[in-house]
Structures are given as C-alpha cells and as structure tokens.
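Going line by line, the protein sequences match chains A and B. Per the UniProt record's numbering, the first sequence starts with residue 1, numbered consecutively. Per the UniProt record's numbering, the second sequence starts with residue 1, numbered consecutively. Here a beta-carbon is modelled for each residue, glycine too, at the ideal position from N, C-alpha and C. For clarity, every value in this text was computed on a predicted model and none was experimentally measured.
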Amino acid sequence: MPLLSVDELKVTFAGHGRRATTAVSGVSFDVDEGQVVGLVGESGCGKSVTSLALMGLLPAKGVRVEGRADYRGTDLLSLSPSRLRDLRGTQLAMIFQDPLSSLNPVVPIGVQVTEILSRHRGLRGQAARDEAATLLDRVGIPDPRRRLKEYPHQLSGGMRQRALIAMAVACAPRLLIADEPTTALDVTIQAQILELLKELVDQQGTALLMITHDLGVVAGLCDEVNVLYAGKVVESADRRTLFAEPAHPYAHGLLNSIPRLDAPRGQPLNPVRGSINDQIAWADGCAFAPRCDFYTLDCLQGTPELGPLNADAVAGHQVRCVNPVREPLAVTTLAEVGAGGDPPAEAAAPKGAPKTAPKAAPKEETSE
Amino acid sequence: MLRLVVRRLLQLIPTLFGLTVLLFIWIHRLPGGPAWALLGERGNEAARRQIEEQLGLDEPLWVQYGRWLRRLLQLDLGNSIKTGQPVWEEFTLRFPATVELGLTALVFAVVIGIPLGYFAARRRGSWLDVTAVSGSLVGICVPVFFLAMILRSIFAVNLGWLPSGGRLTTGIDATDVTGFAVLDGLLTGEFDASWDAVQHLILPGLALASIPLAVVVRITRASVLEVLSEDYVRTAESKGLRKSVVRGRHVLRNALLPVVTTVGLVTGSLLSGAVLTESAFSFGGIGSFIRQAISDRDYPVLMGFILFIALVYVLINLLVDLTYGLIDPRVRVN
C-alpha cells in the first residue's frame, strides 16, 4: 500500500459572485514509503495548490476540495482541522519556496525551531535548545548555537532554507512536501539544498513529494515523476522512462525545450508554444490541445483518460493523450532541427503516426 | 540604546527652536491682542497702548522673542497675561486632569481597539467586522463635542448611570497629593474617591477616545489581514503548531508593528483633542484653560502650551521608535 495515495483531487476557488476557478481538476498519484516523487509543471498548473490541499493549508473559505488523499489509510481531506494539526509537523511536513518570507521576521530562528519540538516532541527549555542546535547542525548550519539567537534577516538565503528544512525534518516526518524549495536560491546554493534534501530523505527514509518546474531537479532527485497540466496529471512514469521517451506532447515539449550545451550556436530555443489557459475545461477535451503540435479532432472528444501507453509500456508509465508522441527523445532530433530543418518538418513525422489508436502502436517505439 | 536616546534628544533642540520661532510669529500676528481682551468692549486706544507698553508688546517682534527665549532657557515660561500667575503654575494645576483623561482615552483605544480590529480581521465579512468597520467610520466622522453631548445626554442625563461632568462629585472627601485624582485616592486609601474619579472619567474618556479608537481598529484590522496571508503564518500552520501559538507569536506580534506607530501618533493628538472634550464635560483640565487663553490672546500661555504639546509629541515618537526596536529586530540599533 502506498504511503500517500491521492485520488481525483479537485480544488475549486469560488469567491463572492466571482466565477469559480478550478486550480486542480482531478489529480491522482501515489507516493510510496521513502520514494521521491516529482510533481512537475509550469506556473499555474496546480502543483502548489495540490500540496497545500494535502497539508490542509488552503483557506477555509471560498475553496472547495474534493477527492481523496489516503495517508496510511486515513483520508487527509476529510480529517478534522485539529487531527490534521496533529499530523502536520510530525507525519507530514512542508518546505516552501521563498525562505525569507516563510520565516517569521520578528522571532529568533531558535524559537521557530524549538516551537515545533515543544509542540510535537514535548521538549522544553534547554533540552529543546540542544535538540534545535543538533538539527541546525545536521542541515549544515555552522555555529548553530549562535544562529539560534539570530533572526531570519541575519541569515543568508541558503541558511534560511536550511533552517526551514531543519524545522520540517525536526520530527522525522514520513512525508515531506517540498514546494519549489530551490526557486528563490542561486544555482550553487540550489545544488547544495537538493543534496541536503536527498541526504536527509535517505537517512530518515522519508518520502519526498518534490514540486518543481525545474526538470534538472527532477532528473537529479526523483524516482517517479508526474507531469501536471492545467490541473491534471498528463503523464506519469519513472524518471528514466519519462526522460527517455516522454509520450505526452506536453512532456515531450517540456523536455525538448531544455537548452542543450551540445546544440549548435545560434540555434533557437524550442519553447512549448502558447501559454496555459485556465478557461479551458477538461470536460470539452484535452486542455493542452490548443498548444499541441499533434492535435487532431479526436482530442476534443471528451477528457482523455490517463492510461498505459500500450500493452508493452513500462510498468507505471501512464499518459493522458489520444495522440501520444511515439518517438524517444533523442539528441539527434534536436541536431536535425539545428541543421536547417524547420520545426514543422520535425513535428510532421510523429504527426502522421499518432492518428492510429494508442493500443495499435508499433512495438519498436516502446523500447527499454 | 542610551546613545540613541541622547542623540535623538539633541536632535530635538533645532526642531523645537524652529517651532518656537514660527509659533511666536504666528501667534503674535493673530488679529486682536491681549490688550483688547483685557479691556473688553469699553477699551479705548490710549488704554490699549498703555497696556501694550506695560507688557512690552509695542517692541519689535524679534526683541519680544529674544526676551521670551531668554526666560525659556531659564525654564521660565513667563506669566499669564490674564491671571498674572506663572504659566508653569497654571499648567501644573491643570495638567494632571488632562493627562488622566488622555490616558483613559488611550486605554479605551488600545484595550477595545486592538482586540476589536483583530477579531474583525479574523472574522472578515461577519457582522462583527461590518460593525467594527462602519463603527470606526462613524467614530472618525462624528465631531468630538457632538459625541460628547450625545453620550452625556444618554448615559448621564437620561439613564443617570454616570456623572454628567466635572472631575469629582462635589462634597466628596479627597486629599490632593499629586493632582491625579484616581492616583491620589489610591495613595491615601480613599478608594471611594478613586472610584468616583474613575466614574467621572468614563464618558469624557469615551468621547475623546472615539477618533483614536476608530484609527486603532482600522489599522489593526488591516494589519492583521495582511499578516494572515503572509508566508510565515502558513509555515507556522504547516508545523502543526497550536492555534494560540500561531495567532499570538506569528500573527499578532507582526500585526502590532504598525499599530504601535499609530498609537504613538494618536497619543499626541489626545492632549490637543482634550480641549474640546473637557469643555463639553466641564472637566477641569488644561483644555478649557487653553480655550480661554486663545480668545484672550494670552501669548505666554499659548506659547507654553504649544511648546509642551510639541515636546510630548516628539518624546512619544522617540518612545515609539524604541518600542519598535523591541518588537522588530530588523530595525534594532546595534
């Protein structure tokens, strides 16, 4: 049984008289014990809202949360606020995007660490301070005793994120949710923080739900990856499969858009064209269709189901697409484009193939 | 810390000096003059000139200012033109009452305002919020003297719950020690006198508190709303902390920062606002004395009073800055 099993999570924001906005429209994924699962997508695809919904941190008013999120057999979404309060910090913990704004500016770091220790582990006074110093030391903050007395503004960005991580792992949670923990940090610090997260997760056997838009982070950290688009999972696979043969045109486009060092000079970048549009309801068909190079009329026949690519698909590789991309992502594809072939020509080849139903796909295209 | 205080106090000197020059010119340029006020309607030109000569008002303004400043440096505010008594004595006689009233209003503003603003923000859109917001609007809009009259007619005249004016019920036995009626009662053990003084303070205190209270409610509400949506509050929630800890340590402490500034500003205005309230409740403080001094053009009294108010303002601001440093480590001086 997975540690956390999210089933058709749906989050709708509806204010006074305002049009309801669906931020998450049916997300399902599993996180096993000790696994690192990525939730990937662009801004506005619902990844942060998903994490906040799981933690019960969405505002009580004006938000409707539906679906199930089974954590060790209890549905997090239907827990009472006080029960959830007991779970937060001990079983589930979260690390946020911006370490400066996520720390209380007028409370010393030490208090912000010890308060969680006294709440969940009953540590007080000197014992709590000692444990806090140990925690800070563990996340690589030098001179922890002194740091305990300092305020967030006296710490560097990387230190602040380390302090937040220390708070998150203080009670050895079973599940850690990291919402773009490296976005606000510079690149060298990013690498250090990711390294630290990896280490802690390995040591404690904590499962990590990594929310990011950075495919580099996914490549370096995640076991399983879920690609989100407009509030739905469009593809999920283990990391190796996803990077080798992304099947959803969106995932394909995302990976294709990563600039490469080995590409010829002056070669244009390959963005996924258009931008996310919250007006599109999945009910009318695939929400990615307007931006998709492989779009056919079949795409508008209702919501595509999330299912295995074909009978021979790698276990767990699921795609929500009627016209999945069937060629592995390879450097050669990029090279061809750079050599003068215009992008539509590159897109033309797969365009013909996916017209057939996914199940009848040729075997050689699902290698590995 | 001490160096900061000393530096700030030294910075006061040029500010106050500039202020006295401006005020001196301004007050002496007001039409009419003490001579007319003293003489009344039957005065003639010759009598006026005689009085002005006596008071030295015929001399050039800068000479008069120089004389006033020289006496000020010897901590002498001069004598009242009207009563002939030293201004300082007139003040010490009346200030305790005004300070008492001002403090009462401040207590009302803070003790009612902060919780009300806080709960209005927490229950945004509820009846409590709507009442607090519209009530504070009324509080700002209604003139103090009008509110004073309304309060008096309802609670003193019609319901008879509270006295309608004065500082103490006539005939009550109270020993004067410090001039602060409530404190005196506590010091001498005359608790009935203290209680009587407190009752006399409630209505004028409420009237005087109306504007500060409204401001404090508004600022607290806005500030709490802002802090509630801060990331660090979400972090605190994500740690599963108890509600009381999240609210006290993480919400309220941050939300109070702008409130402290506001309370400081408002405290200064309480002293000047007391002028109207005191006349409405015939409360024997500095207010009615100053009102009389204005119509009498009693220059030394007016100068002394305004200087004092300015001093209080600046000192309160200093106090606010120091308090701010205590709450917010980011502005703490090394």
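Between residue i and chain B, is there a C-beta pair that is closer than 9 Å?
i	result
Glu327/A	no
Phe13/A	no
Glu180/A	no
Leu334/A	Low confidence applies here, because Leu334/A scores a pLDDT of 34, under 50, leaving its location unreliable and the question unanswered by this model.
His153/A	yes
Asp98/A	yes
Arg19/A	no
Ile165/A	no
Leu52/A	yes
Val187/A	no
Val63/A	no
Val111/A	yes
Looking at C-alpha atoms only, which residue of the options is the closest neighbour of residue i?
i	options	result
His317/A	Arg145/A, Gly302/A, Pro324/A and Pro308/A	Pro308/A
Ser102/A	Met159/A, Val139/A, Met1/A and Val37/A	Met159/A
Leu77/B	Gly325/B, Val320/B and Pro300/B	Pro300/B
Leu69/B	Thr261/B, Leu16/B, Gln50/B and Ala148/B	Leu16/B
Asn254/B	Ser279/B, Leu225/B and Lys239/B	Leu225/B
Pro304/A	Asp214/A, Trp282/A, Val325/A and Leu58/A	Trp282/A
Phe96/A	Glu230/B, Glu52/B and Ala156/B	Glu230/B
Leu128/B	Ile140/B, Arg3/B, Gly113/B and Val5/B	Gly113/B
Pro81/A	Gly73/A, Met55/A, Gly62/A and Asn104/A	Met55/A
Ala197/B	Gly179/B, Pro212/B and Ile211/B	Gly179/B
Ser134/B	Phe145/B, Phe146/B, Leu151/B and Leu116/B	Leu116/B
Val27/A	Val49/A, Arg18/A and Gly34/A	Val49/A
Ala313/A	Ser257/A, Glu235/A and Ile276/A	Glu235/A
Ala132/B	Arg247/B, Ser223/B, Arg218/B and Leu2/B	Arg218/B
Pro324/A	Leu176/A, Leu4/A, Cys292/A and Ser78/A	Cys292/A
According to DSSP, is residue i part of a helix, a strand, or is it coil?
i	result
Asp196/B	helix
Val227/A	strand
Ile95/A	strand
Leu225/B	helix
Phe288/A	coil
Lys198/A	helix
Leu254/A	helix
Asp342/A	Low confidence applies to Asp342/A: its pLDDT is 38, below 50, so where it sits in the model is not reliable, and the reading given next is rough at best. Looking at Asp342/A - three-state DSSP - the assignment turns out to be coil, as it is neither helix nor strand.
Asp214/A	coil
Thr74/A	strand
Thr332/A	Its pLDDT being 37, under 50, Thr332/A is placed unreliably in this model, and the coordinates cannot settle the point.
Lys82/B	coil
Lys10/A	strand
Val245/B	helix
Tell me which residue opens and which closes the alpha helix (DSSP H) that residue i is part of.
i	result
Asp70/A	Where Asp70/A is concerned, there is no enclosing alpha helix (DSSP H), although the beta strand (DSSP E) it sits in stretches over Val63 to Tyr71.
residue 362/B	Outside the displayed range of chain B (1 to 334) lies residue 362/B, so it cannot be described from this structure.
Glu59/B	Where Glu59/B is concerned, there is no enclosing alpha helix (DSSP H), given that its DSSP letter is neither H nor E.
Val182/B	Ala181 to Thr188
Where do the N-terminal and C-terminal ends of the beta strand (DSSP E) with residue i fall, by residue?
i	result
Ile116/A	That residue, Ile116/A, is in no beta strand (DSSP E); its alpha helix (DSSP H) goes Ile109 to His120.
Leu265/B	Taken as a continuous stretch (DSSP letters only), Leu265/B belongs to no beta strand (DSSP E), being part of the alpha helix (DSSP H) at Arg253 to Ala280.
Ser1/A	What sits at residue 1/A in the sequence shown is Met, not Ser. Met1/A -> no beta strand (DSSP E), and no H or E assigned at all.
Ala23/A	Thr21 to Val31
Leu57/A	Looking at the DSSP string, Leu57/A is not in any beta strand (DSSP E), and its letter there is neither H nor E.
Lys232/A	Lys232 to Asp238
How would you list, in chain order, the residues of chain B whose beta-carbon sits under 7 Å from the beta-carbon of residue i?
i	result
Leu57/A	Arg234, Glu237 and Ser238
Arg72/A	Within 7 Å Cβ-Cβ: nothing; Arg72/A doesn't reach chain B, min ~16 Å.
Any beta-carbon of chain A closer than 9 Å to the one on residue i?
i	result
Pro258/B	no
Val133/B	no
Asp196/B	no
Val245/B	yes
Asp129/B	no
Leu10/B	no
Arg330/B	yes
Can you list the residues of chain A that residue i reaches, using a CB-CB cut of under 8 Å?
i	result
Arg242/B	Arg85 and Arg119
Ile327/B	Val106
Asn254/B	Asn104, Pro105 and Val106
For residue i, return the contacting residues in chain B, with the cut-off set at a CB-CB distance below 9 Å.
i	result
Leu103/A	Asp231, Tyr232 and Thr235
Could you work out which residues of chain A lie near residue i, taking near to mean beta carbons separated by less than 7 Å?
i	result
residue 372/B	For chain B, the structure presents residues 1 to 334; residue 372/B sits outside this window and is missing.
Name, please, each residue of chain B whose Cβ falls closer than 8 Å to the Cβ of residue i.
i	result
Met141/A	Reading the sequence as shown, one finds Ile at residue 141/A and not Met. Correct list: empty, because the minimum Cβ distance to chain B is about 17 Å.
Ala93/A	Ser238 and Lys239
Thr90/A	Gly240
Ile116/A	Lys239, Gly240 and Leu241
List, in chain order, every chain D residue whose beta-carbon is nearer than 8 Å to that of residue i.
i	result
Ile309/B	The displayed structure is made up of protein chains A and B, and chain D is not among them.
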